[in-house]
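Trainee:
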Amino acid sequence: MNYELLFRASLASLAKNYELKRKALTFCLLAAVILPCQAQRVLSLDSCRAMALRNNKQLAVSRLKQEVALNNRKAMRTKFLPKVDLVGGYEWMSKEISLLSDEQKEALSNLGTTVATQLGGNAGQFITNLAQQGLITPQQAAALGQKAQQFVGPIAETLNNAGTGLRNALRTDNRNMMAAAVMLKQPIFMGGAITAANKMADIAEHMSQVSTEGSVQNTLYNIDKTYWLVVSLKQKNKLAKGFLDLVTKLDADVQKLIREGFATKADGLKVSVKVNEAEMAVTQAEDGLTLARMLLCQECGLPMDTDIVLEDENRDELPAVAATDPSLGVQTAMEERTELKLLESVVDLKKQATKLTRAEYLPQVALVGGYMVSNPNVYNSFQQKFAGVWNVGVMVRVPVWNWFEGAYKIRSTKAATNIAAMELQEAREKIELQVNQEQFKVKEANKKYGMTLKNVEKADENLRCANLGFAEGVMTATEVMEAQTAWLQAQTQKIDAEIEVRLTQVSLKKSLGILD
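Just so you know, we're using the numbering used here here: the sequence shown kicks off at 29 and counts up by one.
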């Protein structure tokens with residue numbers, strides 16, 4: 029047996045198995061590193077803005093208010109058009125309306141009897157007079173009387189029936205009354221009320237649009253502040269960890285010196301305290317960063333436990349800030365600020381309210397018409413069937429005397445207009461002051477940032493010299509800690525100044541009304 033070949037084959041098999049295991053282990057390690065990275069969401073400032081505008085609740089409310097104002101404006105346009113109403117009703121009454129009195133009803137029912145009695149009496153008296161005068165004999169008078177009675181009887185019956193029929197015909201029988209009508213009303217002149225109301229609806233719609241623009245700017249301003257807050261806390265967290273590494277290394281060096289007798293325990297305790305402070309600072313920075321991320325997620329409409337990473341948080345140097353156009357100033361703010369647009373709309377709204385109030389005390393003219401049906405039919409002797417009639421007319425309303433109520437109300441609305449105008453003027457003055465303040469803050473932030481860069485250079489050099497002096501034994505641990513503290517302060521001020529430059533630019537744009 030060739031043991032050498034067998035040995036080589038065994039080695040090859042072991043090498044192959046080792047290579048497979050190595051590849052599998054490498055794959056598992058890569059998967060463990062890549063999967064958490066894939067779970068994180070990398071967000072830029074623009075993506076945070078877009079999500080905030082899409083998911084912000086107040087913006088959604090503003091858009092719904094805008095829709096409400098749009099529909100109100102469309103509804104107000106219909107005031108110029110004719111309105112058609114359909115009405116109907118039923119009413120039961122315990123008694124019916126009577127056109128005749130009880131005496132008249134009784135007289136009609138006995139009309140024939142009354143007439144017959146009068147005719148019979150007059151005919152008998154006439155025949156008696158003829159007999160007394162000897163013109164006719166008593167036998168002829170009796171015969172004529174009998175004939176008269178036979179003639180009057182049918183007449184009485186006929187007249188009684190006619191009277192009863194007339195009485196029945198004049199019954200209204202309105203105990204069950206039903207009526208329906210189609211009515212049309214077309215305003216002709218309402219004192220300018222409809223025009224004023226439509227203009228007010230237009231102004232309200234414009235105000236809702238401007239309010240939405242203001243909500244957009246507030247949302248962008250808040251999201252920018254939170255975004256740069258997270259970036260600032262991330263940089264401070266890295267700075268705190270770097271400072272912890274510095275004091276930890278110093279603590280280790282001091283402990284070596286203590287063991288060799290070149291430093292005292294007091295020096296070691298001072299450094300240990302500084303290490304504990306650095307650890308606490310790291311913990312506070314991490315907690316603050318976590319809360320800031322949660323706030324950013326909430327403003328972006330994401331679940332607060334979403335693992336996000338900001339595009340700018342791990343950069344050593346943040347991108348340069350685009351300066352606001354220096355030609356944009358107070359005049360731009362006067363034209364673009366949503367607060368001023370809203371106050372101007374309020375002034376216009378108050379003016380239209382004055383016109384609307386005045387219209388209440390001016391003559392009003394409207395065209396009316398329609399078709400009405402009723403049962404009983406009052407147009408055909410209260411016939412028990414539906415019948416109707418067309419009608420058209422002009423309705424005029426003229427206020428005559430109201431004890432100066434209109435004048436008082438108009439004065440009140442004019443005073444409200446003056447109040448709104450003064451508030452607008454005051455807002456313009458405050459906005460002019462705010463714009464000037466924000467411009468000064470931008471200049472101050474840029475100047476402060478330049479100074480912090482110089483301070484960082486000096487603090488780096490101071491720390492390098494302190495570490496070198498400590499290594500050479502010419503500087504104490506306390507002096508090194510002072511240099512480290514100064515370095516930490518300079519780096520912190522640089523981070524704050526760098527973020528402040530961006531936030532002052534955002535505040536300036538917001539004060540100018542051009543943040544979008």
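Where a beta carbon is used, it is the ideal one built from N, C-alpha and C, also for glycine.
CB-CB under 6 Å to Ala224, same chain, minus the five flanking residues each way: which ones, in chain order?
Mentor: Gln380, Lys383, Leu384, listed in sequence order.
Trainee: Taking three-plus beta-carbon pairs below 8 Å as touching, is the stretch 335-344 in contact with the stretch 252-270?
Mentor: Flag = yes, the stretch 335-344 and the stretch 252-270 touch.
Trainee: Can you grab the Cα-Cα spacing for the pair Gly541 / Ser440, in whole Å?
Mentor: Using only the alpha carbons, I get a separation of about 33 Å.
Trainee: Run through the DSSP bridge pairs and tell me what Ser126 is partnered with.
Mentor: The partner list for Ser126 (beta bridge, DSSP) reads Arg199.
Trainee: Would you report the Cα separation of Ile62 and Gly478, rounded to the nearest angstrom?
Mentor: Note that Ile62 scores a pLDDT of 43, beneath 50, so its modelled location is shaky and nothing firm can be said.
Trainee: Helix, strand or coil for Ser402? Go by DSSP, reduced to three states.
Mentor: Three-state result, Ser402: strand.
Trainee: For Gly357, tell me which candidate among Gln517, Ile459, Val275, Arg82 has the shortest Cα-Cα distance.
Mentor: The shortest Cα separation from Gly357 among Gln517, Ile459, Val275, Arg82 belongs to Ile459.
Trainee: In whole angstroms, give me the CA-to-CA distance for Leu495 and Lys482.
Mentor: Just to set this straight, residue 495 is Asn in the shown sequence, not Leu. Cα to Cα, the separation comes out at about 20 Å.
Trainee: Report the rounded CA-to-CA distance for Val484 versus Ala448, giving the unit in angstroms.
Mentor: Near 52 Å, if we compare the C-alpha coordinates of Ala448 and Val484.
Trainee: Would you say Leu71 and Glu314 are within 9 Å of each other, going by their C-beta atoms?
Mentor: For Leu71 and Glu314, no; Cβs fall outside 9 Å.
Trainee: Which whole-angstrom value describes the C-beta separation of Leu377 and Ile231, a residue pair presumed to lie in contact below a C-beta threshold of 8 Å?
Mentor: About 5 Å; that satisfies the 8 Å criterion.
Trainee: At 3 residues or longer, and completely inside the stretch 203-246: list those beta strand (DSSP E) runs for me, N to C.
Mentor: Counting whole runs of 3 or more residues, the stretch 203-246 contains the beta strand (DSSP E) stretches 204-217.
Trainee: What do you reckon, is the C-beta of Leu536 under 8 Å from a heavy atom of the ligand SAM?
Mentor: Looking at this structure, you won't find the ligand SAM or any other ligand, since it has none at all.
Trainee: Could you work out which residue in Lys537, Cys76, Thr192, Ile523 is closest to Glu267 when comparing CA atoms only?
Mentor: Residue identity check: residue 267 is Leu in the sequence provided, not Glu. Here the closest residue by C-alpha is Ile523.
Trainee: Do the CB positions of Asn446 and Tyr389 come within less than 9 Å of each other?
Mentor: No, the Cβ-Cβ distance between Asn446 and Tyr389 is not below 9 Å.
Trainee: What's the call for Ala59, buried or exposed, on a 16-neighbour Cβ count within 10 Å?
Mentor: Its pLDDT being 41, under 50, Ala59 is placed unreliably by the model, and nothing is read from it.
Trainee: Per DSSP, which residues does Asn408 bridge with? Please list them.
Mentor: Note: Asn408 sits in no beta bridge, so no partner.
Trainee: I want to see whether chain D comes within less than 9 Å of Met479, judged by CB atoms only; does it?
Mentor: This model lacks chain D altogether, as it is built from one protein chain only.
Trainee: How should Thr352 be labelled, buried or exposed, when 16 other C-beta atoms within 10 angstroms of its C-beta is the threshold for buried?
Mentor: By the 10 Å Cβ count, Thr352 comes out buried.
Trainee: Kindly indicate which three-state DSSP category Cys56 falls into: helix, strand or coil?
Mentor: Legend: pLDDT at Cys56 = 42, less than 50; position of this residue unreliable, no value from coordinates given.
Trainee: Quick one: give me the first and last residue of the alpha helix (DSSP H) that Tyr477 is part of.
Mentor: Unbroken alpha helix (DSSP H) run through Tyr477: 433-500.
Trainee: Which residues in the same chain as Phe414 place their Cβ atom closer than 8 Å to its Cβ, once the five residues preceding and following it in sequence are excluded?
Mentor: Around Phe414: Met206, Val401, Ser402, Asn403, Asn405.
Trainee: Could you tell me how far apart the beta carbons of Ala473 and Glu528 are, in whole angstroms, since I believe they sit closer than 8 Å?
Mentor: That pair is a contact at about 5 Å.
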